[in-house]
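See below for the structure under consideration.
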Amino acid sequence: MIRLEHLTKRFGGFTAVDDIELHVPRGKVFGFLGPNGAGKTTTLRMIAGILRPTAGRIWLGGDDLIERPMAAKHRLGFIPDRPFMYEKLTGSEFLRFVAGLYGQDGTAVEKRIDELLDLFELTVWKDKLIEAYSHGMRQKLIISSALVHRPELIVVDEPMVGLDPRGTRLLKSIFRHFVDRGGTVLMSTHTLEVAEAMCDGIAIIQAGKIVAHGTMRELRQQTKSGNASLEELFLKLTGGSTERELAAILEN
Amino acid sequence: MSTLANVMRPKWLTMLARVRQERARGGRGKMLVLGFVGLAFWLAVFGVLYRVLSYFRGVEEIGPLLAGKLLGLTMLSFLAILLLSNIITALSSYFLAKDLDLLVSSPVDWLHIYLAKLGETMLHSSWMVALMAVPILTAYGVIYDGGWLFAPYAIVVLAPTLIIPATIGSAITLILVNVFPARRTRDLLSVITIAAAGILVLLFRIIRPEQLARPEGFRNLLDFITVLRTPTSPLLPSEWATNGIMGYLVGPFDGLSLIMLWTTCAAFLVLGAALHYRLYPAGFTKAQEGADRFVRGWIWRVLLTPVARLLSVTKRELIIKDIKLFFRDTTQWSQLILLAVLVVIYLFNIKALPLFSGERVPFFFVTLISFLNLGLAGFVLASIAARFIFPAISLEGRQMWLLRSSPLDLRALMWAKYWMGTIPLLILALLITVLTNVLLKTTMFMMVVSVGTIIVLTLAIGAMALGFGALYPQFETENAAQIPTSFGGLVFMMTTIALLALVIVIEAIPVYGYLQATFSGQPVEINAVMIGAFALVLLICALATAIPLWVGLRRMEAFEF
Chain D
-16 MIRLEHLTKR FGGFTAVDDI ELHVPRGKVF GFLGPNGAGK TTTLRMIAGI
34 LRPTAGRIWL GGDDLIERPM AAKHRLGFIP DRPFMYEKLT GSEFLRFVAG
84 LYGQDGTAVE KRIDELLDLF ELTVWKDKLI EAYSHGMRQK LIISSALVHR
134 PELIVVDEPM VGLDPRGTRL LKSIFRHFVD RGGTVLMSTH TLEVAEAMCD
184 GIAIIQAGKI VAHGTMRELR QQTKSGNASL EELFLKLTGG STERELAAIL
234 EN
Chain X
121 MSTLANVMRP KWLTMLARVR QERARGGRGK MLVLGFVGLA FWLAVFGVLY
171 RVLSYFRGVE EIGPLLAGKL LGLTMLSFLA ILLLSNIITA LSSYFLAKDL
221 DLLVSSPVDW LHIYLAKLGE TMLHSSWMVA LMAVPILTAY GVIYDGGWLF
271 APYAIVVLAP TLIIPATIGS AITLILVNVF PARRTRDLLS VITIAAAGIL
321 VLLFRIIRPE QLARPEGFRN LLDFITVLRT PTSPLLPSEW ATNGIMGYLV
371 GPFDGLSLIM LWTTCAAFLV LGAALHYRLY PAGFTKAQEG ADRFVRGWIW
421 RVLLTPVARL LSVTKRELII KDIKLFFRDT TQWSQLILLA VLVVIYLFNI
471 KALPLFSGER VPFFFVTLIS FLNLGLAGFV LASIAARFIF PAISLEGRQM
521 WLLRSSPLDL RALMWAKYWM GTIPLLILAL LITVLTNVLL KTTMFMMVVS
571 VGTIIVLTLA IGAMALGFGA LYPQFETENA AQIPTSFGGL VFMMTTIALL
621 ALVIVIEAIP VYGYLQATFS GQPVEINAVM IGAFALVLLI CALATAIPLW
671 VGLRRMEAFE F
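Chains as they are written, first to last, in the working numbering: chain D, -16 to 235; chain X, 121 to 681.
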């Protein structure tokens, strides 16, 4: 569903994403992990069409994002890490606007908006301005906006931030149902337990390069880590601080 | 390092970083243009005042009184502007700023927060007045031989004049926030301030101050001098500042005014701090409350759907969204009050022209004024476009992730923004032009020329505002009112003025031909020169419409977030 070929992004002299190759198959939840500043958000924003790659190609369901951006973007729902929205629109107006961006309107859209608001327990807030929403409510609204036009693919940057435990559980279940019906999810997250429990495949990026990718089993084989958890694998691959080092920092 | 300096340090460092970034981006040319425009403005203010004061100085007895009166009025208007602007700014710096959570949760002394935020409020709301005061006070210093010591003396007088309104403004805001939620207070204040400013300007114009200058209004010189000697407002700091400055320049030296200024300043600082100590914690807590608002969006939908039905879904939603955002944001729609005032004053000025006092209708002047009025109307329209159309792209900045990740054709966005801004501008342009021409009783020829020209000019001005707005976006700014005052806004205004000048110069040829023919009683001949001139104007305006839109679109396609 998603294919990245030699994808590179440079900001001046700094290479944020360095010649990466990745294939995310249809009907899978795929985790995109990496330490802070590794290039996760840059990659996801390139896939969403917000950043233009310096080199390489992005294929979304057979459409080249550079050559056929409209067709490629029609397949996509994007959930950013920072939920900036039009503060002076209400929740339902925002969803109607997003549907309009995909050329959709009418009673089908109205029905879909009501369903989504109900699903995320936002119905009582639907006529209130977004400026009055809490962080978690904004996150729920953005997730709804990514679903309102019935995409084939969801690209999501840190989906769990700001969600309460009920919201987190709901989101996991939505993603699972979404892929069961043939959808695809590519998500970046720092919550490794969530990634381990949810993802059918994982890619780990560090300093702009993909250092490992595959299923949990394949990752363990690649790193010869026996039965290690994803957290242990992640720290091993990305060179995280040992507990002793952390204790020393906190004591000093 | 003291805590107060530490609290203020991030702002200082941010400012330095911004200067460095600007320099790295090759902002030297930008600084040069800004410096040049600033200097030209300063020189203009200085020049006008220098001439006026030179004239006053030559008048026996009442010369210094007139100069003092002028300074008093200037200081009084400064005080009013400062008070209003401090009230608004204090709301952001004390209650809505993003650094407050960190400051309030840190073990920072309340007095340091008060002083740091007071300094910030004062700086943000007073810099323009302080800059404006430089050429004014320099002119006074030069004309009345103030000498080099006048400069530090003026600072000693001006400093408390800036601090006092800052303390009062902050205190008023503090009290208001304790009564209303902060976000409601902001809405309320912006409407009140703009309405107050509008009414003041309107009243000032409608009383026709030019008539007061007529000497026959006073019975004798003694009456006149008595009026001049009467202090306008003896209990206001502006009067003390005026007395302090005029006392230094023309004598006798007025030490009492200086003492009044500084003691009042100190007293207000202490009172302000005490009030802050008592009310700030409660006010800050109240400011965290959201301004809960239920909105019935269906009214817009009902009003707009019949018109918008003709458009594609995407364009319709873009337009409905923009209209809703505009009318729900008080800082945006309240500017319409000023706009209405501007139009009324504009038409009033035309009506007040002493053209029809004589028996014979001065045909030549009427035609000339109605023609030059085109340029003036164009300038007014450009200022309105700078305020309402220029920020349109910048205001999408934070939501650009949504627009770029969706299959939205940026041409549709550009199209929606262009017509959303240009249609109201066009209605206004036609209103101003037709009404002024009716008031001036111009001929049909001039009516057709002005209406035709203003239509093509408005289409070009709207496109240029949008194009320059995309070329010089201000994505970090949340306040739409600040965007037109950026460098890009300045470039837009300068380019528009150049376009207006070009159009007027070209059209002067056929209008002159028409005038000549009518004056000598001959029939007006539509010749090749006339047609050529109007065709050239049409071509220039068409290019000034198409090129900025095309360049703006290319620029938007290259945006990265």
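We treat Cβ as the ideally placed atom computed from N, Cα and C, and that holds for glycine.
*asked:* Between Asp2 of chain D and chain X, is any beta-carbon pair separated by less than 8 Å?
replied: Looking up residue 2 of chain D in the first sequence gives position 19. Under the Cβ criterion of 8 Å, Asp2 of chain D is not counted among the residues facing chain X.
_CB contact check: Thr434 of chain X to chain D, cutoff 8 Å_ = Within the second sequence, the letter at position 314 stands for residue 434 of chain X. Chain D, which has a Cβ nearer than 8 Å to the Cβ of Thr434 of chain X, makes this yes.
*Please check if any C-beta of chain D sits within less than 8 Å of the C-beta of Glu680 of chain X.*
Sequence index remark: in the second sequence, residue 680 of chain X carries index 560 (1-based). Taking Cβ atoms only, chain D reaches closer than 8 Å to Glu680 of chain X, which makes this a yes.
*Can you find a CB in chain C that lies within less than 8 Å of the CB of Leu169 of chain D?*
The chain inventory of the structure shown lacks chain C, comprising the protein chains D and X.
*Identify the contact partners of Ile33 of chain D in chain X, using a Cβ-Cβ distance below 8 Å as the criterion.*
As a working mapping, residue 33 of chain D is identified with position 50 in the first sequence. Those within 8 Å of Ile33 of chain D in chain X are Met520, Trp521, Arg524, Ser525, Glu680 and Phe681.
*With DSSP collapsed to three states, give me the class of Arg65 of chain D.*
Along the first sequence, read from residue 1 onward, the residue named residue 65 of chain D stands at position 82. The answer is coil: DSSP assigns Arg65 of chain D none of H, G, I, E or B.
*Just how far apart, CA to CA, sit Ser514 of chain X and Gln205 of chain D?*
Here residue 514 of chain X corresponds to residue number 394 of the second sequence, with the count starting at 1. Here residue 205 of chain D corresponds to residue number 222 of the first sequence, with the count starting at 1. Distance between the alpha carbons of Ser514 of chain X and Gln205 of chain D: 48 Å.
*If you draw a straight line from the C-alpha of Phe(-6) of chain D to the C-alpha of Ile295 of chain X, how long is it?*
Position 11 of the first sequence holds residue -6 of chain D. Position 175 of the second sequence holds residue 295 of chain X. Approximately 48 Å, taken between the alpha carbons.
*Please list the partners that Leu528 of chain X has in chain D, where partner means a Cβ-to-Cβ separation under 7 Å.*
Within the second sequence, residue 528 of chain X is the residue found at index 408, counting from 1. In chain order: Leu84.
*Can you tell which of D:Ile113, D:His173 and D:Arg203 has the C-alpha that lies nearest to the C-alpha of Leu445 of chain X?*
Your numbering for residue 445 of chain X matches position 325 in the second sequence. Here the closest residue by C-alpha is D:Ile113.
*Minimum Cβ-Cβ distance from Leu211 of chain X to chain D less than 8 Å*: By one-based count along the second sequence, residue 211 of chain X stands at place 91. No, no contact with chain D.
*Going by the CB atoms, is the gap between His196 of chain D and Ala186 of chain D shorter than 8 Å?*
Counting from 1 along the first sequence, the entry for residue 186 of chain D is found at position 203. Counting from 1 along the first sequence, the entry for residue 196 of chain D is found at position 213. With contacts defined by Cβ atoms closer than 8 Å, Ala186 of chain D and His196 of chain D form a contacting pair.
*Between which two residues does the beta strand (DSSP E) containing His196 of chain D stretch?*
Translated into positions along the first sequence, residue 196 of chain D becomes position 213. Per DSSP, His196 of chain D belongs to the beta strand (DSSP E) from Lys192 to Gly197.
*Is the shortest distance between the beta-carbon of Gln87 of chain D and the beta-carbons of chain X less than 8 Å?*
Translated into positions along the first sequence, residue 87 of chain D becomes position 104. Yes, Gln87 of chain D counts as interfacial toward chain X.
*What's the call for Gln602 of chain X, buried or exposed, on a 16-neighbour Cβ count within 10 Å?*
Counting from 1 along the second sequence, the entry for residue 602 of chain X is found at position 482. It is exposed - the Cβ of Gln602 of chain X has fewer than 16 other Cβ atoms within 10 Å.
*Got a sec? Which residues, its chain only, sit under 7 Å from Leu231 of chain X by beta carbon, not counting five neighbours each side?*
By 1-based counting over the second sequence, the position of residue 231 of chain X is 111. Hits under 7 Å: Ala393.
*Have a look at the DSSP bridge pairing and note the partners of Lys(-8) of chain D.*
Working through the first sequence from its first residue, we reach residue -8 of chain D at position 9. Answer is D:Val0.
*When you compare only the Cα positions, how much space is there between Val81 of chain D and Val107 of chain D?*
Numbered from its first residue, the first sequence carries residue 81 of chain D at position 98. Numbered from its first residue, the first sequence carries residue 107 of chain D at position 124. Inter-residue distance for Val81 of chain D and Val107 of chain D is about 20 Å (C-alpha atoms, whole angstroms).
_For the structure I just gave you, are there three or more beta carbon pairs, one from the stretch 385 to 392 of chain X and one from the stretch 279 to 297 of chain X, closer than 8 Å?_
The stretch 385 to 392 of chain X vs the stretch 279 to 297 of chain X: in contact.
*asked:* Which residues in chain D have a C-beta closer than 9 Å to the C-beta of Leu445 of chain X? List them in chain order.
replied: Within the second sequence, numbered from 1, the residue matching residue 445 of chain X stands at position 325. Near Leu445 of chain X (Cβ distances below 9 Å), the residues of chain D are Tyr69, Glu70, Lys71 and Leu72.
*Nearest-angstrom Cβ-Cβ length linking Ser127 of chain D and Leu154 of chain D, presumed shorter than 8 Å*: Taking the first residue of the first sequence as 1, we reach residue 127 of chain D at position 144. Taking the first residue of the first sequence as 1, we reach residue 154 of chain D at position 171. Approximately 11 Å separates the beta-carbon atoms of Ser127 of chain D and Leu154 of chain D; this is outside 8 Å, ruling out the contact.
*asked:* To be precise: take each residue of the stretch 42 to 57 of chain D, compare its Cβ to all Cβ atoms of chain X, and keep it if any distance is under 9 Å. Which residues remain?
replied: Those residues of the stretch 42 to 57 of chain D that come within reach of chain X (Cβ to Cβ, closer than 9 Å) are Pro52, Met53, Ala54, Ala55, Lys56 and His57.
*Taking Pro63 of chain D as the query, report the chain X residues whose CB atoms sit under 7 Å from its CB, ordered along the chain.*
Along the first sequence, read from residue 1 onward, the residue named residue 63 of chain D stands at position 80. Per Cβ cutoff of 7 Å: Trp521.
*Residues near Phe198 of chain X by beta carbon distance below 6 Å, same chain, minus five either side*: Position 78 of the second sequence, counted from the first residue, corresponds to residue 198 of chain X. Here the set comprises Val249.
*Quick one: measure Cβ to Cβ for Leu220 of chain D and Val194 of chain D, integer angstroms, because I've assumed they're closer than 8 Å.*
What you label residue 220 of chain D is simply residue 237 of the first sequence in a count that begins at 1. What you label residue 194 of chain D is simply residue 211 of the first sequence in a count that begins at 1. So it is a contact: roughly 5 Å between Cβ atoms.
*Ile504 of chain X and Leu550 of chain X look like a contact to me (Cβ under 8 Å); what is the Cβ gap, rounded to whole Å?*
Position 384 of the second sequence, counting from 1, holds the residue named residue 504 of chain X. Position 430 of the second sequence, counting from 1, holds the residue named residue 550 of chain X. Not a contact, Cβ separation roughly 14 Å.
*When the cut-off is 8 Å and only beta carbons count, does Arg79 of chain D lie next to chain X?*
Numbered from its first residue, the first sequence carries residue 79 of chain D at position 96. Chain X, which has a Cβ nearer than 8 Å to the Cβ of Arg79 of chain D, makes this yes.
*asked:* Against Glu437 of chain X, what residues of chain D qualify as contacts under a CB-to-CB distance less than 9 Å, listed in chain order?
replied: Numbered from 1 along the second sequence, position 317 holds the residue referred to as residue 437 of chain X. Correct list: Arg79, Phe80, Val81, Ala82, Gly83, Leu84 and Asp88.
*Between X:Val568, X:Ser526 and X:Leu577, which lies nearest to Thr542 of chain X when the distance is taken from Cα to Cα?*
Numbered from 1 along the second sequence, position 422 holds the residue referred to as residue 542 of chain X. Considering only X:Val568, X:Ser526 and X:Leu577, the residue with the shortest C-alpha distance to Thr542 of chain X is X:Leu577.
_Beta-carbon within less than 8 Å of Ser213 of chain X's beta-carbon, same chain only, minus the 5 sequence neighbours each way: which residues are those?_
One-based indexing of the second sequence puts residue 213 of chain X at position 93. Excluding positions up to five away in sequence, the list reads Lys237, Glu240, Thr241 and His244.
*Is the stretch 305 to 314 of chain X touching the stretch 449 to 465 of chain X in the sense that three or more CB pairs, one from each, lie closer than 8 Å?*
Segments in contact, yes.
*At least one CB of chain X closer than 8 Å to the CB of Leu59 of chain D: is that the case?*
Here residue 59 of chain D is taken as the residue at index 76 of the first sequence, counted from 1. Yes, Leu59 of chain D counts as interfacial toward chain X.
*For Gly83 of chain D, which residues from the same chain have a beta carbon less than 8 Å from its beta carbon, with the 5 sequence-adjacent residues on both sides left out?*
For the purposes of this step, residue 83 of chain D is taken as residue 100 along the first sequence, with counting starting at 1. Within the same chain, Gly83 of chain D has no close Cβ partners at all.
_Closest to Val671 of chain X by C-alpha separation, out of X:Gln642, X:Leu620 and X:Gly589, would be which residue?_
The residue labelled residue 671 of chain X in the question sits at position 551 within the second sequence. The candidate whose alpha carbon is nearest that of Val671 of chain X is X:Gly589.
*Express the C-alpha separation of Leu530 of chain X and Asp2 of chain D in angstroms, rounding to a whole number.*
The residue labelled residue 2 of chain D in the question sits at position 19 within the first sequence. The residue labelled residue 530 of chain X in the question sits at position 410 within the second sequence. If you draw a straight line from the Cα of Asp2 of chain D to the Cα of Leu530 of chain X, it comes to about 29 Å.
*Taking the alpha carbon of Ile624 of chain X as the point to measure from, which residue in X:Ile275, X:Gly267, X:Ala316 and X:Leu492 has its own alpha carbon closest?*
For the purposes of this step, residue 624 of chain X is taken as the residue at position 504 of the second sequence. It is X:Leu492 whose Cα lies nearest to the Cα of Ile624 of chain X.
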